[in-house]
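Below: the structure, in structure tokens.
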Amino acid sequence: MYSRQSLKAGLLAAAFSSVFCASAATQPGQDAPMGKYAAEKMRYIATYFPGRMAGSPAEQLAADYLKQQFGQMGYQSNIRSINSRYLYSNKNGSENWRNIRVNSVIAAKSGEQPQQIIVMAHFDTYTPRSDADVDNNLGGLTLQGVDDNASGVGVMLELAQRMKDIPTRYSLRFIAASGEELGSLGAKNYLQRMSAEERANTLLVINLDSLITGDKLYFHAGRNTPPKIAKQSRDRALDIAHRYGIAAALNPGNDKYPRGTGCCSDQQVFDVARIPVMAVEATNWTLGKKDGYQQRAVSPHFPQGVSWHRPQYDNVQYLDRHLPGRIDKRSRDSVQVLLPLLKELAQAHPAAKAKKS
């Protein structure tokens, strides 16, 4: 029987033999079709790293892969690991703590000024937190998590790839966070380790989560985001989307989340700390309880109106079959909106042309 170390070494060798081949073949030029790289990456991550539960071997492999991807682009990148735990509920009514080591990936590119913009997406998949979750087939080893959230990671990677050679006034930081499904563990740790100066210098955090299954894209500001910054980020994103004919909207508003704000992902950690945020998701805030949790209308193919956390729905084959073309289109739409927005916010300069000899 293999030891855990031997098993992990074998998995790493197998994964990275595929990683290097795939990476060499898919590095796009700046004139590559918009969204193509993002779609390729989200399919790859979902297919080769299913069951990316925080602290699992698949999560560690995915973190190593993402660090390697950022490194190939020329970013300074590292894996930040933290020890944590979560409470698991058993059928007999007892509860026990489960210890895990959570791995997030951080990549950075310096600008001319110390101020920074953070783009982030969680890459972990849902961790069952009870016997009831297991019985209901929520999360687990077979969950590919295309929508939630290889989609956000893929779009983030394309943004990073397209911005890598563009000089900017403000620094860029890309975070592939883990532990979101267990209460934003990676995001909370990142915030805790930010100095007061770094917090003050963070102009905006853009969070990407679940971009495929939902009916349309939504852009949210945080409840504590100043109106001026919300106008420059959320409202500007909507303007760009409408210019390209992309279906995008604001949360119409409810008692808990006023119009134009949203919830329930890593951006909330920063919003509570009064760091400006913009969240991007695909769902439908007009359905169900009108809280953003129902992604689309109930149908035979999506009987709960959602795909997230459900291995039988949130996988490449199922989404390609029942939402044909959606992965490619939503990847294209997301990058088409977010790339010009990120350039504006970071105050990008035209890349210097090489001098003729």
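Going by numbering that gives the first Met the number 0, the first residue of the sequence shown is number 0, and it counts up by one from there. Idealized CB from N, CA, C, for every residue including glycine.
Limits of the alpha helix (DSSP H) - the one that residue i falls within
{"i": "alanine 120", "result": "Not the alpha helix (DSSP H): alanine 120 falls in the beta strand (DSSP E), residues 112 to 121."}
{"i": "leucine 344", "result": "325 to 345"}
{"i": "alanine 57", "result": "56 to 72"}
{"i": "arginine 161", "result": "150 to 162"}
{"i": "alanine 131", "result": "130 to 134"}
{"i": "alanine 186", "result": "184 to 192"}
Buried or exposed by the 16-neighbour rule on C-beta atoms within 10 Å, applied to residue i
{"i": "arginine 168", "result": "exposed"}
{"i": "arginine 97", "result": "exposed"}
{"i": "lysine 215", "result": "buried"}
{"i": "aspartate 270", "result": "buried"}
{"i": "alanine 24", "result": "For alanine 24, the pLDDT reaches just 41, beneath the cut-off of 50, and the residue's location in the model is therefore unreliable, although a value from the coordinates is still provided. Exposed: under 16 other Cβ atoms inside 10 Å."}
{"i": "alanine 13", "result": "Any reading at alanine 13 is ruled out, since the residue's pLDDT is 44, under 50, leaving its predicted position unreliable."}
{"i": "serine 93", "result": "exposed"}
{"i": "asparagine 95", "result": "exposed"}
{"i": "leucine 86", "result": "exposed"}
{"i": "alanine 345", "result": "buried"}
{"i": "serine 232", "result": "buried"}
{"i": "lysine 288", "result": "exposed"}
{"i": "glycine 151", "result": "buried"}
{"i": "lysine 90", "result": "exposed"}
{"i": "glycine 324", "result": "exposed"}
{"i": "glutamine 191", "result": "exposed"}
{"i": "arginine 198", "result": "exposed"}
{"i": "serine 194", "result": "exposed"}
{"i": "asparagine 82", "result": "exposed"}
{"i": "glycine 244", "result": "exposed"}
{"i": "lysine 255", "result": "exposed"}
{"i": "glutamine 311", "result": "exposed"}
{"i": "glutamine 59", "result": "buried"}
{"i": "alanine 246", "result": "exposed"}
{"i": "glutamine 293", "result": "buried"}
Delimiting residues of the beta strand (DSSP E) encompassing residue i
{"i": "alanine 107", "result": "94 to 108"}
{"i": "arginine 51", "result": "It is not in any beta strand (DSSP E) - arginine 51 carries neither H nor E in the DSSP assignment."}
{"i": "arginine 198", "result": "Premise fails: arginine 198 lies in the alpha helix (DSSP H), 195 to 200, not in any beta strand (DSSP E)."}
{"i": "arginine 320", "result": "Run containing arginine 320: none in the beta strand (DSSP E); it sits in the alpha helix (DSSP H), 315 to 321."}
{"i": "tyrosine 85", "result": "75 to 88"}
{"i": "serine 170", "result": "169 to 176"}
Supposed contact pair residue j and residue i - C-beta distance, whole angstroms, cut 8 Å
{"i": "arginine 84", "j": "isoleucine 99", "result": "6 Å"}
{"i": "methionine 41", "j": "alanine 176", "result": "16 Å between Cβ atoms; not a contact."}
{"i": "glycine 73", "j": "serine 170", "result": "The pair is not a contact, with the Cβ atoms about 14 Å apart (cut-off 8 Å)."}
{"i": "aspartate 146", "j": "tryptophan 307", "result": "6 Å"}
{"i": "glutamate 180", "j": "serine 264", "result": "At roughly 10 Å, the Cβ-Cβ gap does not stay under 8 Å, so glutamate 180 and serine 264 are not in contact."}
{"i": "phenylalanine 48", "j": "alanine 38", "result": "Not really, about 16 Å apart at Cβ, beyond 8 Å."}
{"i": "aspartate 435", "j": "glycine 138", "result": "Past the edges of the chain, shown from 0 to 356, lies residue 435, and the structure says nothing about it."}
{"i": "arginine 128", "j": "serine 88", "result": "7 Å"}
{"i": "alanine 45", "j": "asparagine 314", "result": "7 Å"}
{"i": "arginine 295", "j": "glycine 213", "result": "6 Å"}
{"i": "asparagine 200", "j": "glutamine 266", "result": "Rounded, the Cβ-Cβ distance is 18 Å, inconsistent with contact."}
{"i": "asparagine 250", "j": "glycine 291", "result": "7 Å"}
{"i": "leucine 210", "j": "arginine 320", "result": "In fact, because the Cβ distance is near 19 Å, the residues do not count as touching under 8 Å."}
{"i": "glycine 261", "j": "glutamate 280", "result": "7 Å"}
{"i": "asparagine 136", "j": "arginine 309", "result": "7 Å"}
{"i": "alanine 31", "j": "isoleucine 165", "result": "That belief does not hold up - the Cβ atoms of alanine 31 and isoleucine 165 are roughly 15 Å apart, past 8 Å."}
{"i": "arginine 235", "j": "glutamate 343", "result": "7 Å"}
Contact test: residue i Cβ vs the ligand GDP heavy atom, cutoff 6 Å
{"i": "valine 154", "result": "Among the components of this structure there are no ligands whatsoever, and the ligand GDP is therefore not found."}
Every unbroken alpha helix (DSSP H) within the stretch 206 to 294, with a cutoff of 4 residues, ordered by chain
226 to 229, 235 to 242, 266 to 271
Inter-stretch contact at 8 Å, needing at least 3 Cβ pairs: the stretch 220 to 237 / the stretch 263 to 281:
yes
Taking three-plus beta-carbon pairs below 8 Å as touching, is the stretch 227 to 245 in contact with the stretch 300 to 307?
Three or more beta-carbon pairs separated by less than 8 Å are not found between the stretch 227 to 245 and the stretch 300 to 307, which leaves the two stretches without contact.
Can you confirm whether the stretch 117 to 124 touches the stretch 203 to 212 when touching is taken to mean that 3 or more C-beta pairs between the two stretches lie within less than 8 Å?
yes
Would the stretch 135 to 142 and the stretch 154 to 174 be scored as touching if the rule is three or more Cβ pairs under 8 Å?
no
Does the stretch 173 to 192 come within contact of the stretch 51 to 58, defined as at least 3 CB pairs closer than 8 Å?
yes
Contact between the stretch 63 to 76 and the stretch 160 to 167: three or more CB pairs below 8 Å?
Contact between the stretch 63 to 76 and the stretch 160 to 167 is established, with three or more Cβ pairs separated by less than 8 Å.
With three or more C-beta pairs closer than 8 Å as the rule, is the stretch 324 to 338 touching the stretch 234 to 254?
yes
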